[in-house]
Each structure stands twice: as C-alpha cells, then as structure tokens.
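This report refers to the structure that appears directly beneath it.
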Amino acid sequence: MVDYAENLSIKGERSLSRGFIAQYAAEAALRVPGVAFLDTGLVVSLKEAFGAEHYGKGIRVRFDHNDSAIVNIDAYPVMYYGCVLPDVAWEVQEKIKADVEKYTGLIVHEVNVQVMSVIERER
1 MVDYAENLSI
11 KGERSLSRGF
21 IAQYAAEAAL
31 RVPGVAFLDT
41 GLVVSLKEAF
51 GAEHYGKGIR
61 VRFDHNDSAI
71 VNIDAYPVMY
81 YGCVLPDVAW
91 EVQEKIKADV
101 EKYTGLIVHE
111 VNVQVMSVIE
121 RER
C-alpha cells in the first residue's frame, strides 16, 4: 500500500510540473524575434472547445524514464517570413533550455523545434 501511494505522489508531481515547465518553455519561445506564435495542434484545440484549460500551448514536455530530473521538450512554432529559420530555431532552443533550467532546476536534455508554418507579418 505504501508503494502505491508513493507512485501516485510522483505521478501527481510530474503531471503538475509538466504544465509549469511547458509554460516557461512557451514564454521563452515567444520572446524570440521571428516567432509569431506556437501551434497548439488539434488535440489542444479540441480540449479548449470543451472548456478544458491547457498550459504551455505549442510545447510538449517529456520526462526521462530513468531520471525525473531530466526533461525533453518539443516546441512547435509558427515563424515569420523573412527570418532565417535555422537561426530562430537555434535561439528558441537556447532560450527554452536556459529558462526551464533556471526556473525549475531540472536538466533539459534536448529541445526539438519543429517549424509548423511560416506566415507574413501583418502590416
């Protein structure tokens, strides 16, 4: 019985912290010049349509299976036309890694940036 309760606690902490980590990562990515917004995807859009709140839109956080202090993050930005995509993607990686490690104390093993689209800036 004790082992079961400990597992629930760890799972609950992971679930709660995943949202906070995603928020830090999303805020970091959105501060990068050239990033228009983060693509939320179909699943998040459906959740929001039914009234569920989702933090860290456009970010996916995965914990390492062997060490819960290590995370992998996927970011799904939509970028502005005219910027150098690899440079912007690199800066997104750097900012996400720095902010998540600074504010959570976790180790960011990798940040994957998948550019979802390129749009023109509004005039």
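Reading the sequence shown from the start, the letters are residues 1 to 123 in the numbering used here. A virtual CB, placed ideally from N, CA and C, is assigned to each residue, including glycine.
Under the DSSP definition of a beta bridge, Ser117 partners with Val78.
Note that the C-beta distance between Pro77 and Gly105 is not below 9 Å. In the three-state reduction of the DSSP assignment, Arg62 falls in the strand class, which pools E and B.
Around the beta carbon of Gly34, 16 or more other beta carbons lie within 10 angstroms, which makes this residue buried.
Judged by DSSP in its simplified three-state form, Glu101 adopts helix. Looking at Glu101, Ala25 and Gln93, the one whose alpha-carbon comes closest to that of Ala69 is Glu101.
Taking Arg121 as the centre and dropping the five residues before and after it, the same chain places the C-beta of Tyr80 closer than 6 Å to its C-beta, in chain order.
Per DSSP, the beta-bridge partners of Val35 are Met79. Only residues of its own chain outside the window of five on either side were considered, and among them Ala28, Ala29, Arg31 and Val32 have a CB closer than 8 Å to the CB of Lys95, listed in chain order. The shortest C-alpha to C-alpha distance from Trp90 to any of Thr40, Val71 and Ala75 is the one to Ala75. Note that the C-beta distance between Asn66 and Val111 is not below 9 Å. Ranked by how close their Cα comes to the Cα of Val84, the residues Asp99, Val108, Val115 and Arg62 have Val115 in first place.
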